[in-house]
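Numbering that gives the first Met the number 0 numbers the first residue of the sequence shown as 0 and each following residue consecutively. Note that the Cβ used here is the ideal one computed from N, Cα and C, for glycine as well. Owing to the predicted nature of the structure, the values given are computational and were not obtained by experimental measurement. Report on the following structure.
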Amino acid sequence: MKKVMLKTTLSLAVAMASSQLFASGFALNEQSVSGMGTGFAGRSSSADDASTVYGNPAGMSRLNGQQITGGVAAIDASTDIKDTSGTARGTNKGDMVPFIAVPFGFYTNKLNDQWSVGFGVYAPFGLVTDYERGYQGKGYGSKSEVKVMTFQPTVSYAFNDKVSIGFGPTINRISGVLESDKTLNPNVADTNVKIKGDDTALGFNVGVLVQATDTTRVGLTYHSKVNYKLEGHTTISGPAQTQAVLRNNRYDASLKIETPESYDLSVTQDLTDAWKLYGGATWTRWSRLKEITVNNQGVTSAGGIAAPSQLSSISEPQNWHDTWAYAVGTSYQLTKQVVLRTGLSFDQSPTNNTDRSPRIPTGDRTIFSMGLGYKVMDNMTVDLAYSYLKEEKVNIDRSTAPSYHAKYDNSANGFGLGMTYTF
Numbered sequence: 000m001k002k003v004m005l006k007t008t009l010s011l012a013v014a015m016a017s018s019q020l021f022a023s024g025f026a027l028n029e030q031s032v033s034g035m036g037t038g039f040a041g042r043s044s045s046a047d048d049a050s051t052v053y054g055n056p057a058g059m060s061r062l063n064g065q066q067i068t069g070g071v072a073a074i075d076a077s078t079d080i081k082d083t084s085g086t087a088r089g090t091n092k093g094d095m096v097p098f099i100a101v102p103f104g105f106y107t108n109k110l111n112d113q114w115s116v117g118f119g120v121y122a123p124f125g126l127v128t129d130y131e132r133g134y135q136g137k138g139y140g141s142k143s144e145v146k147v148m149t150f151q152p153t154v155s156y157a158f159n160d161k162v163s164i165g166f167g168p169t170i171n172r173i174s175g176v177l178e179s180d181k182t183l184n185p186n187v188a189d190t191n192v193k194i195k196g197d198d199t200a201l202g203f204n205v206g207v208l209v210q211a212t213d214t215t216r217v218g219l220t221y222h223s224k225v226n227y228k229l230e231g232h233t234t235i236s237g238p239a240q241t242q243a244v245l246r247n248n249r250y251d252a253s254l255k256i257e258t259p260e261s262y263d264l265s266v267t268q269d270l271t272d273a274w275k276l277y278g279g280a281t282w283t284r285w286s287r288l289k290e291i292t293v294n295n296q297g298v299t300s301a302g303g304i305a306a307p308s309q310l311s312s313i314s315e316p317q318n319w320h321d322t323w324a325y326a327v328g329t330s331y332q333l334t335k336q337v338v339l340r341t342g343l344s345f346d347q348s349p350t351n352n353t354d355r356s357p358r359i360p361t362g363d364r365t366i367f368s369m370g371l372g373y374k375v376m377d378n379m380t381v382d383l384a385y386s387y388l389k390e391e392k393v394n395i396d397r398s399t400a401p402s403y404h405a406k407y408d409n410s411a412n413g414f415g416l417g418m419t420y421t422f
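Laid out in C-alpha cells, this is it:
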C-alpha cells in the first residue's frame with residue numbers, strides 16, 4: 000500500500016491551548032497547593048511537604064517520619080476572541096476550554112538520617128480545548144486534548160545536615176486527540192480529520208538541596224526530556240464526495256514527540272522566625288518543538304482517483320523557542336496553626352507571532368497567587384490557594400486558504416485544595 004505523510008496539527012496534540020495553563024507551553028505547574036500559594040517560587044528549595052518528590056526529590060531528607068500529600072487544582076479559563084477576519088466563515092465564542100481539575104498525590108518515608116524514599120503520581124503536561132461546532136478557525140484546529148500522567152518512585156540521600164541529593168525515574172503515559180475540519184472543496188461540506196494516539200515512555204528527575212547558611216537554602220532540580228512515539232489511528236469523515244475517492248476512512252498512525260527538559264533553581268530565605276522569602280527561575284527547552292509529522296499507513300484512492308491532496312500534505316510549523324519563568328513569593332506564620340502565602344510569577348511563551356495557531360493561542364503571562372495553610376491537627380495540614388493569570392494579547396494570522404485572523408485575550412483563575420498528613 001502507498002504510504003503518505005499527513006502533517007496535521009495533531010502534530011500538536013500535546014501542544015494545545017497552553018494559554019490556559021499556569022506554566023509555559025503545555026506544561027502544568029499544579030503538583031503542589033502549598034507551592035501554588037507562593038506562585039511556585041522556591042519550588043526546588045522549600046521542601047514544605049511530600050510534593051517535594053516532584054519539586055526537588057532531595058528535599059525528602061528534610062521531612063520527618065512518613066508523609067502523604069494529596070490534592071487537586073482546578074482551572075477556569077476565559078478567552079475573548081475579537082477583531083476577526085479572513086475567508087473562513089463561522090463563530091468566535093471563545094469558550095473553548097472547559098473547567099478542568101488536575102489531581103496529584105505524593106508519599107515520603109524517612110528511613111534514617113541519610114536515606115528517604117517516596118513516590119508521586121501527578122500530571123506534568125496536558126489540557127484540552129474544544130471550540131464550538133461552527134468555529135471560524137476550525138480548519139486550523141477544532142479540538143485538542145492531551146493527558147500525561149506520571150508515576151515517580153524516588154530516593155534521596157543526605158550526606159550531612161547541609162547537602163542532600165535525590166533521584167526518581169519517571170514512568171509517563173501520554174494520550175492525545177486532535178481534530179480539525181478541512182475544506183477540501185468549497186462546494187461541499189467540510190471533512191473532519193481526527194487523530195488519536197498514546198504511548199508510555201521513561202524519564203527521570205534529579206535534584207540537589209544545599210543549606211548554604213543557617214537561614215538560606217538553595218535547590219536545583221532537573222526534569223529530563225521524554226521521548227514518545229504515539230501509536231493510534233487517523234479517522235476521516237465527511238461528505239460523499241470525499242469518501243468516494245478514499246478506499247478507507249481509518250488509517251494506522253504514529254507520531255514522535257519529545258516533552259522538553261527543564262532546570263529549576265530556587266532559594267528559600269528565612270527573614271525572621273515568621274517570615275520567609277522565596278525566589279526561583281526555570282528554564283525550559285521548548286526549542287525541541289519545530290514541527291511534528293503524523294505518519295499514516297495506507298492512505299489510497301479508489302478506482303485510480305487521486306485522494307484529496309489536502310489529506311496528504313497538511314503542515315503546521317511551530318518553531319518554538321526556549322523560555323524562562325521567574326517567580327518571587329513570601330510566607331508569613333500568622334499563628335502556630337496558620338501560614339499565609341503570596342507570590343508573583345512571570346512566564347514567557349514559547350510561541351512566535353508567525354506560527355501561532357488557534358491550538359496554541361498563547362502569549363507571555365503574569366500570575367498573581369495567594370494561599371493559606373491551616374494545621375487542623377498536629378499531624379494534619381490543609382492548604383488552600385488561588386491564582387489569577389493574565390496574558391498579553393496575541394494575534395493569530397493564518398493565511399493559508401481559508402484564511403483566519405483574530406486577536407486573543409486570555410485569562411484564567413486557578414483554585415487549589417490540598418492536605419498533608421504526617422504519621
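DSSP, read as helix, strand or coil, puts residue 88 in coil. Using a C-beta cut-off of 8 Å, the region 335-344 makes contact with the region 39-53, since at least three inter-stretch Cβ pairs fall below that distance. Here DSSP, grouped into helix, strand and coil, assigns residue 215 to strand. Ranked by Cα distance from residue 221, the options 356, 370, 409 and 51 are led by 51.
Just measuring C-alpha positions, the residue of 82, 361 and 137 sitting nearest residue 391 is 361. The criterion of a C-beta distance shorter than 8 Å is satisfied by residue 319 and residue 288.
The DSSP-derived three-state label of residue 397 is strand. Linking residue 145 to residue 236 through their CA atoms gives a straight-line distance of about 22 Å. For the beta strand (DSSP E) assignment, the uninterrupted runs of no fewer than 3 residues enclosed by the region 135-167 are, from N- to C-terminal side, 142-157. Short of 6 Å from the beta carbon of residue 161, and not among the five residues preceding or following it, lie these beta carbons of its own chain, in chain order: 210. The region 248-255 makes no contact with the region 92-103, as fewer than three CB pairs between them are under 8 Å. Burial check for residue 336: the Cβ neighbour count within 10 Å stays below 16, so the residue is exposed. Apart from the 5 residues on each side of it in sequence, residue 34 sits with its Cβ closer than 6 Å to the Cβ of 42 in its chain, given in chain order. Residue 407 and residue 32 have their alpha carbons spaced roughly 29 Å apart.
With 16 or more other Cβ atoms inside 10 Å of its own Cβ, residue 165 counts as buried.
In this structure, residue 286 places its C-beta atom within 8 Å of the C-beta atom of residue 321. Check the Cα spacing between residue 65 and each of 57, 143, 79 and 109: the tightest is with 109. Counting only residues of its own chain and dropping the five nearest sequence neighbours on each side, residue 84 has a CB closer than 7 Å to the CB of 404.
Secondary structure of residue 53 (DSSP, three-state): helix. Secondary structure of residue 196 (DSSP, three-state): strand. Contact annotation: residue 411 and residue 75 have beta-carbon atoms nearer than 8 Å.
When secondary structure is reduced to three states using DSSP, residue 376 falls in the strand class. Around the beta carbon of residue 270, fewer than 16 other beta carbons lie within 10 angstroms, which makes this residue exposed. The three-state reading of DSSP puts residue 285 in helix, counting H, G and I together. Approximately 17 Å separates the beta-carbon atoms of residue 98 and residue 70; this is outside 8 Å, ruling out the contact. Put simply, of 258, 316, 338 and 199 the residue whose alpha carbon is nearest the alpha carbon of residue 380 is 338.
C-alpha of residue 400 to C-alpha of residue 180: approximately 13 Å in a straight line.
If you look at residue 418, you'll find it in the beta strand (DSSP E) that goes 403-421. For the set 280, 402, 224 and 231, the Cα lying nearest the Cα of residue 259 is the one of 224. Across the structure, residue 262 and residue 136 are spaced so that their CA atoms are roughly 36 Å apart.
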